[in-house]
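So this note's numbering is basically just the index in the first sequence, starting at one, shifted up by 79.
Here's the structure we're looking at; comments come further down.
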Amino acid sequence: MEDNNLSISKEITPQSENFSRWYLDTIRKADLMDYAPVRGCIVFKPEGFELWERIQAAMDKRFKETGHRNAYFPMLIPESFFQKEKEHVEGFSPELPWVTEVSGEKLEERLGLRPTSETVIGHMYSKWINSYRDLPVLINQWANAFRWEKRTVPFLRTSEFLWQEGHTAHVCEEEARQETMRMLEIYREVVESELAIPVWTGKKTPAERFAGAVDTYSIEAMMKDGKAVQAGTSHYLGDKFAKGFEIKFLDRDNQLKYVHTTSWGSSTRLIGAMVMVHGDDKGLALPPRISPTQVVMIPVGPQNKRAAVLAKTDEVFLSLKEAGLRVRTDLREETPGWKFNEWEMRGVPVRIEIGPRDVEKGQVVAARRDTGEKIFVPIGGAVVFIKGLLDEIQNNMYQKALAFRAEHSYTHIDTLAELKTHIAGAEQGDGIAGWVLAGWCGSDDCEKNIKEETGFTTRNIPFLPPVGKEICVCCGHKSEHTVWLSRSY
RNA sequence: CGGGAUGUGGCGCAGUUUGGCCUAGCGCGCUUGCCUUGGGAGCAAGAGGGCGGGGGUUCGAAUCCCCCCAUCCCGACCA
Numbered sequence: 080m081e082d083n084n085l086s087i088s089k090e091i092t093p094q095s096e097n098f099s100r101w102y103l104d105t106i107r108k109a110d111l112m113d114y115a116p117v118r119g120c121i122v123f124k125p126e127g128f129e130l131w132e133r134i135q136a137a138m139d140k141r142f143k144e145t146g147h148r149n150a151y152f153p154m155l156i157p158e159s160f161f162q163k164e165k166e167h168v169e170g171f172s173p174e175l176p177w178v179t180e181v182s183g184e185k186l187e188e189r190l191g192l193r194p195t196s197e198t199v200i201g202h203m204y205s206k207w208i209n210s211y212r213d214l215p216v217l218i219n220q221w222a223n224a225f226r227w228e229k230r231t232v233p234f235l236r237t238s239e240f241l242w243q244e245g246h247t248a249h250v251c252e253e254e255a256r257q258e259t260m261r262m263l264e265i266y267r268e269v270v271e272s273e274l275a276i277p278v279w280t281g282k283k284t285p286a287e288r289f290a291g292a293v294d295t296y297s298i299e300a301m302m303k304d305g306k307a308v309q310a311g312t313s314h315y316l317g318d319k320f321a322k323g324f325e326i327k328f329l330d331r332d333n334q335l336k337y338v339h340t341t342s343w344g345s346s347t348r349l350i351g352a353m354v355m356v357h358g359d360d361k362g363l364a365l366p367p368r369i370s371p372t373q374v375v376m377i378p379v380g381p382q383n384k385r386a387a388v389l390a391k392t393d394e395v396f397l398s399l400k401e402a403g404l405r406v407r408t409d410l411r412e413e414t415p416g417w418k419f420n421e422w423e424m425r426g427v428p429v430r431i432e433i434g435p436r437d438v439e440k441g442q443v444v445a446a447r448r449d450t451g452e453k454i455f456v457p458i459g460g461a462v463v464f465i466k467g468l469l470d471e472i473q474n475n476m477y478q479k480a481l482a483f484r485a486e487h488s489y490t491h492i493d494t495l496a497e498l499k500t501h502i503a504g505a506e507q508g509d510g511i512a513g514w515v516l517a518g519w520c521g522s523d524d525c526e527k528n529i530k531e532e533t534g535f536t537t538r539n540i541p542f543l544p545p546v547g548k549e550i551c552v553c554c555g556h557k558s559e560h561t562v563w564l565s566r567s568y
C-alpha cells in the first residue's frame with residue numbers, strides 16, 4: 080500500500096502540498112477537460128461533459144416541474160442594448176468581447192458576445208407582453224456565455240462557459256420575489272441532493288450584487304481548501320430591466336404597469352466545485368447520482384480460469400444494468416492493480432472485483448471509493464446490495480462534506496484583529512482558513528476594509544445563520560447583518 | 001491587468017550558465033510479439049520530436065537578442 084500511494088503521488092500532487100496543482104492534475108488525469116487554443120477557454124471532454132449533462136438533466140427536470148420552458152436567444156447582442164440599464168453596462172463592459180467586422184467591413188453597430196441575456200430577453204419580452212394575461216413568462220435557456228476574465232481556472236472561471244439562465248416576468252413584486260426564492264431553493268436542493276455538496280443559502284451584500292439587480296441571493300459551498308464557490312445565484316431585478324426595455328402590460332385595473340423580472344443562473348463551475356469538495360489525493364470522487372459510471376467491474380485471475388470468471392462477470396453486469404445502474408466492465412489488458420488505481424482516480428463510486436475464488440464462493444468483492452472499504456457480497460444479493468451501497472455512498476459523501484464544512488467554520492470571531500490572528504494561525508497550520516461568521520454593520524467601507532485587511536470577502540448573509548452576531552467585526556458598532564466571510568474562487 | 005516562474009515526442013524532465021561533441025537524450029506511456037493478471041508485472045524489438053510562435057545575430061542557435069503567445073503561482077476584477 081505504501082508503494083502504491085507513492086506511485087500515485089507521482090501523478091497527482093497531494094492536496095496538502097498545493098491544492099490548486101492538485102485540482103489541475105486531477106481534472107486532467109480524470110480526463111474531464113483539455114485546454115483549448117484560445118486563452119482561457121477549455122474543451123469539455125466526454126467525461127467532463129457528461130457530468131454537465133447529468134447536472135443539466137437534474138436541473139431541467141425541476142425547472143419543467145415548476146412550469147418553466149426552455150428557449151434560445153441569440154449570442155450576439157447589439158451594443159445599444161447594454162446601455163439601457165446603467166449598472167448592468169458598468170458591471171459587464173470590462174469583460175465583454177466584441178464582434179466589430181464581417182469580411183473586412185466594419186459593422187454599423189458592434190455586437191457583444193453575451194455575458195448574460197437580460198438585455199436581449201428584455202427586448203423580446205417587451206414585444207411579447209401586453210396584458211396581465213400574458214404573465215407570468217417563465218423561460219429558461221441553456222447556453223454558452225462569455226466573460227473575458229483576467230484570471231481563468233478550468234470550470235470555475237473560463238472566458239467561455241456553459242450555463243443555464245432563467246428569465247421570468249411577473250405582474251408584481253411579490254410574485255417575482257417568490258420566483259426568486261423558489262429557484263434558489265431548487266439550486267440548493269439539486270446541489271445538496273445530487274452533487275452531495277452542502278450549501279448556505281442567503282442574500283448577497285449590495286457590493287456583491289449582480290449588476291442591475293435589486294437583490295441577489297446565492298448558494299455558497301466550501302471547497303476542501305476552505306475557499307468558497309458561489310454555486311448558483313438568483314436575482315430579483317425589480318422593474319429596472321422592465322423600465323430599460325419598456326416591458327409593460329395592461330393590468331386588470333386598466334393601468335399600464337411595468338413587469339417585475341427575475342433571473343437565475345448556474346454554470347459548469349458546479350463541476351469544479353464537485354471536484355474540489357469530494358476529491359482526495361487519489362483523484363476524483365464522484366457522487367453516485369452524478370457519476371457517468373456508477374459501478375466498474377474488474378475481472379481478475381489467471382488465464383486458465385478466465386472463462387468462468389468472465390461468464391460470472393457478464394452475469395452480474397447484466398443484472399446490474401437491468402436494475403438501471405450505470406455499469407461498465409474493464410476488460411483491458413492492464414494488471415488489476417493498475418485498473419484499481421485508474422478507476423479510483425476517475426472517481427467511480429463502486430468497483431466490483433470478480434476472481435476465481437469469488438466464482439467458487441458465489442460472491443463478488445465490492446470496493447467503495449469514498450471509504451476504500453472492501454466488502455464481500457453474495458452474488459444473489461448483489462443488485463440489492465449495490466443499489467443500497469450507492470445510496471449510502473451518496474449520503475456519506477454529503478455527510479463528510481458537511482462535517483468538513485463544520486470543522487472549518489468559525490463563529491467566535493468578533494474583531495478584525497481576531498480575524499487576522501485566525502488567518503495567520505491557519506497559514507501556520509494546515510493552510511485552511513475556512514469561513515468566518517461575522518457581524519457586519521452594513522457599510523460599504525467596512526466591507527471594503529475587511530477585504531483589504533484580510534483578503535476575506537462577504538459570501539452571503541445566510542437566511543438561517545448558526546448564531547446571530549451582535550457587533551460589526553470591522554468597526555465594532557452594532558451589527559445589522561450576520562455574514563459569512565471567506566476567501567473565494 | 002501588474003509581479004514571479006515555465007514552455008524540449010502523449011506525459012514528466014535533462015541539455016540553455018560557457019553557441020559547435022545534439023539532423024537532441026532519459027523515464028513513463030504508445031506499437032508488435034511472448035509472458036502475466038486478487039493493489040500501478042517482466043523480456044525483446046519498434047514508432048514518435050528539431051526544441052511555444054515569429055523575427056534577428058552568427059560560418060553555426062534548443063542554447064544569445066527582440067517581439068508575440070500560452071500555462072502555472074501571487075495580487076487587483078468576476079459565475
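Even glycine gets a Cβ: it sits at the ideal position worked out from N, Cα and C.
Open item on the list: For Phe580, report the span of its beta strand (DSSP E) as first-last.
Closed with: The shown model of the chain, from 80 to 568, leaves out residue 580, and the question about it has no answer.
Open item on the list: Are the CB atoms of Lys108 and Glu90 within a distance shorter than 8 Å?
Closed with: Glu90 is a Cβ neighbour of Lys108, given a cutoff of 8 Å.
- [ ] Assign His491 to one of two classes, buried (16 or more other C-beta atoms within 10 Å of its C-beta) or exposed (fewer than that).
- [x] Label assigned to His491: exposed.
- [ ] Confirm, please, whether the CB-CB distance from Phe324 to Tyr581 is below 8 Å.
- [x] In the structure displayed, the chain extends from 80 to 568; residue 581 sits before or after that span and is not available.
Open item on the list: Three Cβ pairs or more, each shorter than 8 Å: is that satisfied between the segment 378 to 395 and the segment 348 to 360?
Closed with: Between the segment 378 to 395 and the segment 348 to 360, the count of C-beta pairs closer than 8 Å stays below three; the two stretches do not touch.
Open item on the list: Classify Val122: buried if its beta carbon has 16 or more other beta carbons within 10 angstroms, exposed otherwise.
Closed with: Burial call: exposed.
Open item on the list: Less than 8 Å between the beta carbons of Asn219 and Gly245, yes or no?
Closed with: Against a cut-off of 8 Å, the Cβ pair of Gly245 and Asn219 comes out as a contact.
TODO: Leaving aside the five residues before and after Glu166 along the sequence, list all residues of the same chain whose C-beta is less than 7 Å from its C-beta, in chain order.
DONE: Correct list, in chain order: Ala290, Gly291.
Task: Own chain partners of Arg437 with C-beta closer than 6 Å, once the 5 adjacent residues on each side are dropped - done: First, the residue type needs correcting, since residue 437 is Asp and not Arg in the sequence shown. Apart from the 5 residues on each side of it in sequence, Asp437 sits with its Cβ closer than 6 Å to the Cβ of Val443 in its chain, given in chain order.
Open item on the list: Checking 8 Å against the spacing of the C-beta atoms, do Arg148 and Leu217 come in under that value?
Closed with: Taking 8 Å as the Cβ cut-off, Arg148 and Leu217 qualify as a contacting pair.
TODO: Taking Arg430 and Phe419 to be in contact with their CB atoms under 8 Å, please state how far apart those CB atoms are, rounded to whole angstroms.
DONE: Contact annotation, Arg430 with Phe419: C-beta distance approximately 7 Å; criterion of less than 8 Å satisfied.
Open item on the list: Strictly by DSSP, which residues pair up with Glu407?
Closed with: Note on residue identity: the sequence assigns Arg, not Glu, to residue 407. Note: Arg407 is bridge-paired with Val375 in the DSSP secondary-structure output.
TODO: Please report how far the alpha carbon of Thr295 lies from the alpha carbon of Glu239, in whole angstroms.
DONE: One alpha carbon belongs to Thr295, the other to Glu239, and they sit about 23 Å apart.
TODO: Please determine if the segment 306 to 316 and the segment 169 to 184 are in contact, where contact requires at least 3 C-beta pairs separated by less than 8 Å.
DONE: Flag = no, the segment 306 to 316 and the segment 169 to 184 do not touch.
Open item on the list: One question on the structure: do Ile454 and Lys391 come within less than 8 Å of each other, judged by their Cβ atoms?
Closed with: With contacts defined by Cβ atoms closer than 8 Å, Ile454 and Lys391 do not form a contacting pair.
- [ ] Kindly provide the ranges of any alpha helix (DSSP H) runs that are 4 or more residues long and lie completely inside the segment 506 to 540, ordered along the chain.
- [x] Every alpha helix (DSSP H) of 4 residues or more that sits fully in the segment 506 to 540 is shown, in chain order, as 523 to 533.
Task: Met424 vs Pro233 beta-carbon contact at 8 Å - done: In this structure, Pro233 does not lie closer than 8 Å to Met424 by Cβ.
Task: Through-space distance from Phe152 to Ser313, alpha-carbon basis - done: Computed Cα separation, rounded: 19 Å.
Open item on the list: My parser needs the beta strand (DSSP E) runs of 3 or more residues fully inside the segment 202 to 253; what are they?
Closed with: Scanning the segment 202 to 253 for uninterrupted beta strand (DSSP E) segments of 3 residues or longer gives 216 to 225, 239 to 249, listed from N- to C-terminal end.
TODO: Mind the definition here: the segment 338 to 348 touches the segment 183 to 194 only if three or more C-beta pairs lie below 8 Å; say whether that holds.
DONE: As far as the Cβ criterion goes, the segment 338 to 348 does not touch the segment 183 to 194, which means the pair count is below three.
- [ ] State the start and end residues of the unbroken beta strand (DSSP E) segment that holds Asp318.
- [x] Note, Asp318: premise wrong, no beta strand (DSSP E); not H, not E.
Task: Per-residue DSSP class, three states only, for Lys283 - done: If DSSP states are grouped into helix, strand and coil, Lys283 belongs with coil.
Task: Residue burial classification, Leu335 (beta-carbon count within 10 angstroms, cutoff 16) - done: Answer is exposed; the Cβ neighbour count stays below 16.
Task: Helix, strand or coil at Lys327 [DSSP, three-state] - done: In the structure shown, Lys327 adopts extended strand secondary structure according to DSSP, grouped into three states.
Task: Val374 and Leu404 closer than 8 Å at C-beta - done: For Val374 and Leu404, yes; Cβs fall inside 8 Å.
Task: When Pro116, Ala496, Val270 are compared against Ser346, the one with the closest alpha-carbon - done: The alpha carbon of Ser346 has as its nearest neighbour, out of Pro116, Ala496, Val270, the alpha carbon of Val270.
TODO: Report buried or exposed for Arg368, applying the criterion of at least 16 other Cβ atoms within 10 angstroms of its Cβ.
DONE: Buried: at least 16 other Cβ atoms inside 10 Å.
Open item on the list: Quick check: the Cα distance between Gly470 and Ala275, rounded to an integer number of angstroms?
Closed with: Per the sequence presented here, residue 470 reads as Asp, with Gly not at that position. Taking the straight line from one Cα to the other gives about 11 Å.
- [ ] Assuming Trp514 and Ser565 form a contact by the criterion Cβ under 8 Å, report the distance between their Cβ atoms to the nearest whole angstrom.
- [x] Between Ser565 and Trp514 the Cβ distance is about 4 Å, and since that is below 8 Å, they are a contact.
Open item on the list: Suppose the cutoff is 6 Å on Cβ atoms and the five residues either side in sequence are ignored; what does the same chain contact list for Trp221 look like?
Closed with: Excluding residues within five positions, the ones whose Cβ falls inside 6 Å are Gln243.
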